[in-house]
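Residues in the sequence shown are numbered from 1 upward in steps of one, following the UniProt record's numbering. What follows is a single structure, written as structure tokens, with notes after it.
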Amino acid sequence: MGDMSDATGTVGERRDAPERARAGLAALADLVADGDVVVLSGAGLSTESGIPDYRGETGRKRRAEPMTYQTFTGSAAARRRYWARSHLGWRHVARAAPNDGHRAVAELERRGLVGGIITQNVDGLQQAAGGHHVIELHGSLDRVMCLSCGRRTSREVLDERLAAANRAWSAEVSAINPDGDAVLADEEVASFRVVDCVDCGGLLKPDVVFFGENVPKSRVDECYALTGRAGLLLVLGSSLTVLSGYRFVRHAARLGIPVAIINQGVTRGDEHALVTFDAPLGPTLTALLAELGDGSFASR
Numbered sequence: 001m002g003d004m005s006d007a008t009g010t011v012g013e014r015r016d017a018p019e020r021a022r023a024g025l026a027a028l029a030d031l032v033a034d035g036d037v038v039v040l041s042g043a044g045l046s047t048e049s050g051i052p053d054y055r056g057e058t059g060r061k062r063r064a065e066p067m068t069y070q071t072f073t074g075s076a077a078a079r080r081r082y083w084a085r086s087h088l089g090w091r092h093v094a095r096a097a098p099n100d101g102h103r104a105v106a107e108l109e110r111r112g113l114v115g116g117i118i119t120q121n122v123d124g125l126q127q128a129a130g131g132h133h134v135i136e137l138h139g140s141l142d143r144v145m146c147l148s149c150g151r152r153t154s155r156e157v158l159d160e161r162l163a164a165a166n167r168a169w170s171a172e173v174s175a176i177n178p179d180g181d182a183v184l185a186d187e188e189v190a191s192f193r194v195v196d197c198v199d200c201g202g203l204l205k206p207d208v209v210f211f212g213e214n215v216p217k218s219r220v221d222e223c224y225a226l227t228g229r230a231g232l233l234l235v236l237g238s239s240l241t242v243l244s245g246y247r248f249v250r251h252a253a254r255l256g257i258p259v260a261i262i263n264q265g266v267t268r269g270d271e272h273a274l275v276t277f278d279a280p281l282g283p284t285l286t287a288l289l290a291e292l293g294d295g296s297f298a299s300r
């Protein structure tokens, strides 16, 4: 492994100056080349696909608070608002295509350098790019579950049912959130009709982990085990503000497993990182592949 004295630092010493970026890239390539890399990805990996993240480079929320589990299950009006907004917003997410960052991660996995991917995203883009060993920490918008009987169905089927129940309904989308939540006016939400489970009439919920809801323990344990076997934990596009992902960075640090972070803006985990980059994901990961050799990488 090469000397990383020029590429390490503490919080605030981001590797964004050209000469330090080159040193940091070489250091990161050395770490990745050793293999057994586990990727922990966040919303920043999907922004180049047109899906916004919740926080900008300062780490502050861009938009209103997302739906919580408690609000969703406790209020019929909240569920109507969620499904009306999601009915339109999900289509935006469903049309999104993987970007160079997703493809680069899939290529690293194909080369045998990445052994597993923990994604905090619910958009399915990493799998669409060719990712195989992907743990969806927060679930996926592609699935819907009944809170009463547990039946799971595809989001596409639900979308057809919602469209049939709201043939005369239309609304103007002013913005999209990363969880497929479209921003609509209150008067547009009021006339939206919600559908229930076809089997038992129970409440339907997207198969994602809402704020205020716990990630299933078995999934968390799987992520801990994967992180514990890593030679490197590579964080991509996450501010690590939420404990859900940050705990795996702390776990790696406690075990002496090196951590590298590529993100636009500072992160909660910078103090644990051996190498940090304040840079766009697609170009940086493409440059990393070039640094590793074994052929150039291009968008396809």
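Where is the CB? At the ideal position from N, CA and C, for every residue including glycine.
Check whether the Cβ atoms of glutamine 120 and leucine 137 lie closer than 8 angstroms to each other.
Position 120 of the sequence shown, counted from the first residue, corresponds to residue 120. Position 137 of the sequence shown, counted from the first residue, corresponds to residue 137. Yes. Within cutoff.
If you follow the beta strand (DSSP E) that leucine 204 is part of, which residue opens it and which one closes it?
Here the question's residue 204 lines up with position 204 in the sequence shown. Start and end: 204 to 208.
For glycine 256, which of helix, strand or coil comes out of DSSP?
What you label residue 256 is simply residue 256 of the sequence shown in a count that begins at 1. In the structure shown, glycine 256 sits in coil (DSSP, three-state: anything other than H, G, I, E or B).
Let me make sure I understand the geometry here. Which of Thr153, Arg229 and Glu188 has the alpha-carbon closest to that of cysteine 197?
Mapped onto the sequence shown, residue 197 falls at position 197. Checked all of Thr153, Arg229 and Glu188; the closest Cα to cysteine 197 is Thr153.
For a test of the three-state rule: what should DSSP assign to aspartate 142, helix, strand or coil?
Residue mapping note: residue 142 aligns to position 142 of the sequence shown, counting from 1. Aspartate 142 falls in the strand class under three-state DSSP.
When you compare only the Cα positions, how much space is there between tyrosine 246 and threonine 227?
Within the sequence shown, numbered from 1, the residue matching residue 246 stands at position 246. Within the sequence shown, numbered from 1, the residue matching residue 227 stands at position 227. Approximately 12 angstroms between the Cα atoms of the pair.
Would you call the CB atoms of alanine 253 and histidine 272 closer than 8 angstroms?
Residue numbering aside, residue 253 sits at position 253 when the sequence shown is read from its first letter. Residue numbering aside, residue 272 sits at position 272 when the sequence shown is read from its first letter. Yes, the Cβ-Cβ distance between alanine 253 and histidine 272 is below 8 angstroms.
Member of Val144, Leu232, Trp169 and Ile135 whose CA lies at the smallest distance from the CA of arginine 219:
Counting from one through the sequence shown, the residue named residue 219 turns up at place 219. Checked all of Val144, Leu232, Trp169 and Ile135; the closest Cα to arginine 219 is Ile135.
Output needed for arginine 161: all residues of its chain with C-beta closer than 7 angstroms, excluding positions within five of it in sequence on either side, in chain order.
Position 161 of the sequence shown, counted from the first residue, corresponds to residue 161. Closer than 7 angstroms at the Cβ level, and outside the excluded window around arginine 161, lie Val195.
With 16 as the cutoff for other CB atoms within 10 Å, does alanine 77 come out buried or exposed?
Stepping through the sequence shown from its first residue, residue 77 is reached at position 77. Exposed, because fewer than 16 other Cβ atoms sit within 10 Å of the Cβ of alanine 77.
At which residues does the alpha helix (DSSP H) containing glycine 89 begin and terminate?
Counting from one through the sequence shown, the residue named residue 89 turns up at place 89. Taken as a continuous stretch (DSSP letters only), the alpha helix (DSSP H) holding glycine 89 covers 76 to 95.
Mind pulling the alpha helix (DSSP H) runs of 4 or more residues that sit fully within the region 99 to 158?
Listed in chain order, the alpha helix (DSSP H) elements of length 4 or more contained wholly in the region 99 to 158 are 100 to 110 and 125 to 128.
DSSP beta-bridge partners of serine 41:
Within the sequence shown, residue 41 is the residue found at index 41, counting from 1. Partner(s): Thr119 and Leu236.
Could you tell me which of Gly256, Thr276 and Pro258 sits nearest to glutamine 264, measuring between CA atoms?
Here residue 264 corresponds to residue number 264 of the sequence shown, with the count starting at 1. Ranking Gly256, Thr276 and Pro258 by Cα distance to glutamine 264 puts Thr276 first.
Helix, strand or coil for aspartate 53, going by three-state DSSP, please let me know.
By 1-based counting over the sequence shown, the position of residue 53 is 53. Note: aspartate 53 maps to coil in three-state DSSP.
Give the DSSP bridge partners of phenylalanine 277, in chain order.
Here residue 277 corresponds to residue number 277 of the sequence shown, with the count starting at 1. For phenylalanine 277, which the question treats as bridged, DSSP gives the partners Ile262.
Rounded distance between the beta-carbons of glycine 130 and valine 38, thought under 8 angstroms:
To locate residue 38, count along the sequence shown from 1; it is residue 38. To locate residue 130, count along the sequence shown from 1; it is residue 130. Rounded, the Cβ-Cβ distance is 17 angstroms, inconsistent with contact.
Taking just the CA atoms, how far does methionine 67 sit from alanine 279?
For the purposes of this step, residue 279 is identified with residue 279 of the sequence shown, where counting begins at 1. For the purposes of this step, residue 67 is identified with residue 67 of the sequence shown, where counting begins at 1. Computed Cα separation, rounded: 30 angstroms.
Please list the terminal residues of the continuous alpha helix (DSSP H) segment that includes serine 218.
As a position in the sequence shown, residue 218 is number 218, starting the count at 1. Start and end: 217 to 228.
Alpha-carbon spacing of arginine 22 relative to glycine 35, whole angstroms
The sequence position of residue 22 within the sequence shown is 22, counting from 1. The sequence position of residue 35 within the sequence shown is 35, counting from 1. Going from the Cα of arginine 22 to the Cα of glycine 35 covers about 21 angstroms.
Confirm, please, whether the CB-CB distance from valine 208 to valine 122 is below 8 angstroms.
Indexing the sequence shown from 1 puts residue 122 at position 122. Indexing the sequence shown from 1 puts residue 208 at position 208. In contact: valine 122 and valine 208 (Cβ atoms closer than 8 angstroms).
Are serine 148 and leucine 203 closer than 8 angstroms when you measure CB to CB?
Locating residue 148 in the sequence shown gives position 148, counting from the first residue. Locating residue 203 in the sequence shown gives position 203, counting from the first residue. Cβ atoms of serine 148 and leucine 203: closer than 8 angstroms.
Bridge partners for threonine 68 per DSSP, in chain order?
The count along the sequence shown starts at 1 and reaches residue 68 at position 68. According to DSSP, threonine 68 bridges with Phe211.
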